[in-house]
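The sequence shown maps to residues 17 to 409 in our numbering.
Notes to accompany the following structure.
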Amino acid sequence: MKKIIGVSSIMFMLASPVVAEDIKIGISLGFTGPLESLAPAMNNGAQMAIAEVAKSKSLLGGSNVVAVTGDSTCADTAAAVATGERLVTAENVNAIVGAMCSGATQAVLEGVAMPNGIVMISGSATAPVLSTVEDNGLFFRTAPSDARSAEVLADILKEEGYKSIAITYVNNDYGKGLGSAIESNFVAGGGSVTINAGHEENKGDYSADAAALAQAGGDILVVAGYADGGGGTIIQESLDRGSFETFFLPDGMYADSLTKTFGTQINGSFGASAGTDSPGDATFKSLFADAGYEYNVYAGEYYDAAALIMLAMQAAGSSSSSDLKAHVMDVANAPGEKIYPGELAKAMKILAGGGDVDYVGASAVELIGPGESGGSYLQYEVQNGKFETVKYR
Numbered sequence: 017m018k019k020i021i022g023v024s025s026i027m028f029m030l031a032s033p034v035v036a037e038d039i040k041i042g043i044s045l046g047f048t049g050p051l052e053s054l055a056p057a058m059n060n061g062a063q064m065a066i067a068e069v070a071k072s073k074s075l076l077g078g079s080n081v082v083a084v085t086g087d088s089t090c091a092d093t094a095a096a097v098a099t100g101e102r103l104v105t106a107e108n109v110n111a112i113v114g115a116m117c118s119g120a121t122q123a124v125l126e127g128v129a130m131p132n133g134i135v136m137i138s139g140s141a142t143a144p145v146l147s148t149v150e151d152n153g154l155f156f157r158t159a160p161s162d163a164r165s166a167e168v169l170a171d172i173l174k175e176e177g178y179k180s181i182a183i184t185y186v187n188n189d190y191g192k193g194l195g196s197a198i199e200s201n202f203v204a205g206g207g208s209v210t211i212n213a214g215h216e217e218n219k220g221d222y223s224a225d226a227a228a229l230a231q232a233g234g235d236i237l238v239v240a241g242y243a244d245g246g247g248g249t250i251i252q253e254s255l256d257r258g259s260f261e262t263f264f265l266p267d268g269m270y271a272d273s274l275t276k277t278f279g280t281q282i283n284g285s286f287g288a289s290a291g292t293d294s295p296g297d298a299t300f301k302s303l304f305a306d307a308g309y310e311y312n313v314y315a316g317e318y319y320d321a322a323a324l325i326m327l328a329m330q331a332a333g334s335s336s337s338s339d340l341k342a343h344v345m346d347v348a349n350a351p352g353e354k355i356y357p358g359e360l361a362k363a364m365k366i367l368a369g370g371g372d373v374d375y376v377g378a379s380a381v382e383l384i385g386p387g388e389s390g391g392s393y394l395q396y397e398v399q400n401g402k403f404e405t406v407k408y409r
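Right under this line is the structure:
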């Protein structure tokens, strides 16, 4: 009799559906700090994906899924780690979307995520060092590494006819990696770099930095910094001195707050950031606008980061990071049915039935190597005091 009951119990457990639970996904972004103007759109992107799945009741047997936010500040790694610890130990999040900036991301990964076995997927941390940092298979990103971005940026500078450039970079992992990679690629293409100098964030006076750049000269100033921080101030100093009139602006400077500050003063300045003209991008921007949100760079990448976490949970049949981490690459790439923004419930149903999905999302997701984006780019220029997209690459 005991044997029959035991077998019946096992059969019942195997046939039982996944038990619904409360799932928490942390969102760690620089809501304050040198890129605070970009954080709301990124947050809204991630929140939109989470709300879409929550409304559908399609994740893990109808589990409830909610977002818990935290401020990583971008510039203060100690604050970022403290926020990460709160999300993991006090809020008990199952995984984290973010962090936003590379230094904060690495600090949270090493100080919080790895010791606690928590998956992190960032939509904007781009430092090359994150490609090789020890992560125990827990870290992924939907924004391409600056190692790849720098190749594109150097090509654009050459295409635009620039022969000599001056570079200022924010003195952290993001800035140092990007500044160095731009220089090496530009010089390899026959150009020259007059100066490649770091600047500290949160300084009261950038006149000495601007003076050194002015003395070195160059056809254009590359500002690998933050729009709401030292990068924006150095542009102001350079304009005041008359040392540079045109600026090359990588992704950390691609913020509407910059053009609101300088307007037509920086007409002709240009740059590139992660971006795509894929069908998923158009769909996402339409859904984003319908939700009443104002779009900004990396909003789509954060929708995708949150979506990948939830899809990997469904594929794993578990909300635990230790289980879902092995499925992120699977749901992000072929084979499987292509999934676009607004189709997350459809993807959940396919996965629940044992099928495969190839998540394309808003940013044409394709994860390569150590779990990072292959990369698509949009090129922009300041025209009539506003950023305008001129092409995709």
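Ideal Cβ placement from N, Cα and C applies to all residues, glycine included.
Quick one: grab the DSSP three-state call for residue i.
i	result
L45	strand
K301	helix
T93	helix
L51	coil
N132	helix
Y319	helix
N188	coil
F202	helix
N349	coil
N60	helix
T275	helix
T82	The question names Thr, but residue 82 is Val in the sequence shown. Strand at V82.
V376	coil
A111	strand
S118	helix
K40	strand
G195	helix
G268	helix
G100	helix
G214	strand
Tell whether a beta-carbon distance below 7 angstroms holds between residue i and residue j.
i	j	result
A65	A323	yes
A36	G78	yes
R102	G391	no
A120	L154	no
I236	T184	no
L255	G287	no
G268	Y242	yes
M3	S335	This structure leaves residue 3 out entirely; the chain is present only between 17 and 409.
A115	S88	yes
I112	S44	yes
V145	D92	no
Y356	T299	yes
A166	N201	yes
Y393	G139	no
T210	S161	no
Could you tell me if residue i is buried or exposed, where buried requires 16 or more neighbouring beta carbons within 10 angstroms of its beta carbon?
i	result
F260	buried
M29	In this prediction, M29 has a pLDDT of 36, which is less than 50 and means its spatial position is unreliable; what the coordinates show is noted afterwards. Burial call: exposed.
Q231	exposed
D225	buried
V203	exposed
K341	buried
T405	exposed
D297	buried
S223	exposed
R409	exposed
P295	exposed
T105	exposed
G377	buried
S285	buried
G248	buried
S302	exposed
G177	exposed
N312	buried
G49	buried
E175	exposed
Could you please give me the residues that DSSP links to residue i through a beta bridge?
i	result
I282	Answer is none; I282 lacks a bridge partner.
S389	L383
K174	Paired residue(s): none; K174 is not in a bridge.
K402	Q399
F263	L237
V209	I181
L394	S289, Y408
R157	S138, E388
K341	In DSSP, K341 forms no bridge with anything.
D426	Residue 426 lies beyond the range of the chain shown here (17 to 409); nothing can be said about it.
I believe residue i touches residue j by the beta-carbon criterion, under 8 angstroms. Please report the beta-carbon distance rounded to the nearest angstrom.
i	j	result
E353	D374	7 angstroms
K219	G258	The Cβ separation is near 22 angstroms, so there is no contact.
A110	I39	It should be noted that the sequence gives Asn, not Ala, for residue 110. Confirmed, Cβ separation roughly 5 angstroms.
G191	G214	7 angstroms
M136	Y314	No, M136 and Y314 are not in contact; Cβ-Cβ is about 15 angstroms, not under 8 angstroms.
A290	S379	7 angstroms
L383	A348	4 angstroms
A240	L194	5 angstroms
Is the Cβ of residue i closer than 7 angstroms to any Cβ of chain D?
i	result
V149	This model lacks chain D altogether; it includes just one protein chain.
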